[in-house]
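Just below is one structure, and these are the notes that go with it.
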Amino acid sequence: TEGTGVNVYTHSEMLPAHGYPELKRYDHLAGNIGKAWFDQRQTFSDFTGPILVTTNCIVPPGDAYKDRVYVMDPVNVEDGKRVENYDFSEMIKHAQELPELPEAEGKVTLTTGFSAPVILSLAPRIRELVETGRIRHFFLVGGCDSPFMTGKYFREFVQKLPEDTVVLTLACGKYRINDLDLGDIEGIPRVIDLGQCNDAIDAIDVAVALAEMFGVGVNDLPLTLVVSWMEQKAAAILWSLLALGVKGIYLGPVAPAWVNDDILGVMVDRYDIRLVGDVEEDIRVMLGDVTAEEPGNEVMGSSGA
Numbered sequence: 003t004e005g006t007g008v009n010v011y012t013h014s015e016m017l018p019a020h021g022y023p024e025l026k027r028y029d030h031l032a033g034n035i036g037k038a039w040f041d042q043r044q045t046f047s048d049f050t051g052p053i054l055v056t057t058n059c060i061v062p063p064g065d066a067y068k069d070r071v072y073v074m075d076p077v078n079v080e081d082g083k084r085v086e087n088y089d090f091s092e093m094i095k096h097a098q099e100l101p102e103l104p105e106a107e108g109k110v111t112l113t114t115g116f117s118a119p120v121i122l123s124l125a126p127r128i129r130e131l132v133e134t135g136r137i138r139h140f141f142l143v144g145g146c147d148s149p150f151m152t153g154k155y156f157r158e159f160v161q162k163l164p165e166d167t168v169v170l171t172l173a174c175g176k177y178r179i180n181d182l183d184l185g186d187i188e189g190i191p192r193v194i195d196l197g198q199c200n201d202a203i204d205a206i207d208v209a210v211a212l213a214e215m216f217g218v219g220v221n222d223l224p225l226t227l228v229v230s231w232m233e234q235k236a237a238a239i240l241w242s243l244l245a246l247g248v249k250g251i252y253l254g255p256v257a258p259a260w261v262n263d264d265i266l267g268v269m270v271d272r273y274d275i276r277l278v279g280d281v282e283e284d285i286r287v288m289l290g291d292v293t294a295e296e297p298g299n300e301v302m303g304s305s306g307a
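Okay, structure coming up:
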């Protein structure tokens, strides 16, 4: 679209596109709209341009914008116009014919682009801050978000963390917390966006590299995973973490419906999976201020959706 007068906006988990130098250099990559996947009907209704659907987490298009939806590669929606061979000429022409977007100031400025190489370039500094006690603990807080009120747990959790902690986040669950201004610890941001749900591999790479640097196993790092789940892709990522031997994951906001007693037994006994509960009690347990056997800190049990 360069030179056509058409700006490009990303939605939701496409936010990390703005962190790639080869994409960021284009001034008409103008911004990001929307938050988690479940806001798209309202967001796309308000957006007046054509919409290119490229990947997962699509809901059936609403009447207000279904005639502006384009699809490509394996993705399809009813009545979507297909883009073949990366030829966007029809879509660009459509954009030029539609009304311009009204001017609107963004509600928040977000920082993205924290890939594994970027974080690991800071590894010596991180090690110094950990060994001198200025960083006490890391948390990975993110995953697949849901529209239910129980998702508020994750924002409250991050808001109540001590100031000597750092939060890594990824996937659409990050939109619960990535607008929080928690400052930094001597130049290290306290909220670090690792990217999309598919960038969970970056989180694993970072954890493995830090474990090697400190000479410990991943499960011995001052790191706790607090993961939100919604659908099968998030479950697949969870299985990947378990296959790698990661233990002590906190899962929420409720237990998955497919967790029967047999599965629960394996997850608890082998992997120490826990269900999130009271925010302040959970933080105390994760930071070692109390033991998990104290009242209010039970291991994961089933819960209705």
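Counted the way my numbering counts, the sequence shown spans residues 3 to 307. The beta-carbon is built from N, C-alpha and C at its ideal position, and this holds for glycine as well. Being a predicted model, the structure only gives us computed values, none of them experimental.
Who pairs with residue i in a beta bridge, going by DSSP?
{"i": "V73", "result": "V55, R84"}
What is the DSSP secondary structure of residue i, reduced to helix, strand or coil?
{"i": "F150", "result": "coil"}
{"i": "V132", "result": "helix"}
{"i": "V120", "result": "helix"}
{"i": "L103", "result": "coil"}
{"i": "L17", "result": "helix"}
{"i": "R127", "result": "helix"}
{"i": "P63", "result": "coil"}
{"i": "K68", "result": "helix"}
{"i": "A38", "result": "coil"}
{"i": "E4", "result": "coil"}
{"i": "I137", "result": "coil"}
{"i": "K109", "result": "coil"}
{"i": "V301", "result": "Since pLDDT at V301 reaches only 44, below the 50 mark, its modelled position is unreliable, and no value is offered."}
{"i": "G306", "result": "Since pLDDT at G306 reaches only 33, below the 50 mark, its modelled position is unreliable, and no value is offered."}
Quick check on the burial criterion: 16 or more other C-beta atoms within 10 angstroms. Buried or exposed for residue i?
{"i": "I137", "result": "buried"}
{"i": "D81", "result": "exposed"}
{"i": "V168", "result": "buried"}
{"i": "R276", "result": "buried"}
{"i": "W260", "result": "exposed"}
{"i": "H30", "result": "exposed"}
{"i": "V8", "result": "buried"}
{"i": "T226", "result": "buried"}
{"i": "Q161", "result": "exposed"}
{"i": "P255", "result": "buried"}
{"i": "M288", "result": "buried"}
{"i": "S148", "result": "buried"}
{"i": "L142", "result": "buried"}
{"i": "F150", "result": "exposed"}
{"i": "Q234", "result": "exposed"}
{"i": "T56", "result": "exposed"}
{"i": "M302", "result": "Residue placement at M302 is flagged as unreliable, the pLDDT there being 44, under the threshold of 50; a coordinate-derived value is accordingly withheld."}
Just reading off the alpha helix (DSSP H) that residue i is part of, what are its end residues?
{"i": "G267", "result": "263-273"}
{"i": "D291", "result": "It is not in any alpha helix (DSSP H) - D291 carries neither H nor E in the DSSP assignment."}
{"i": "T45", "result": "42-48"}
{"i": "K26", "result": "23-26"}
Hey, could you find the ends of the beta strand (DSSP E) residue i is sitting in?
{"i": "A32", "result": "31-35"}
{"i": "H13", "result": "10-13"}
The ligand FAD and residue i: does the residue's C-beta get closer than 6 Å to at least one heavy atom of that ligand?
{"i": "E133", "result": "Here there are no bound small molecules, and the ligand FAD is not part of this structure."}
Are any of the Cβ atoms in chain B nearer than 7 Å to that of residue i?
{"i": "L25", "result": "No chain B is present in this structure, which holds just one protein chain."}
Please go through the stretch 206-286 and give each complete beta strand (DSSP E) segment of 3 or more residues, from N-terminal end onward.
225-230, 252-254
Where are the alpha helix (DSSP H) runs, 4 residues long or more, that stay fully inside the stretch 139-207, in chain order?
154-161
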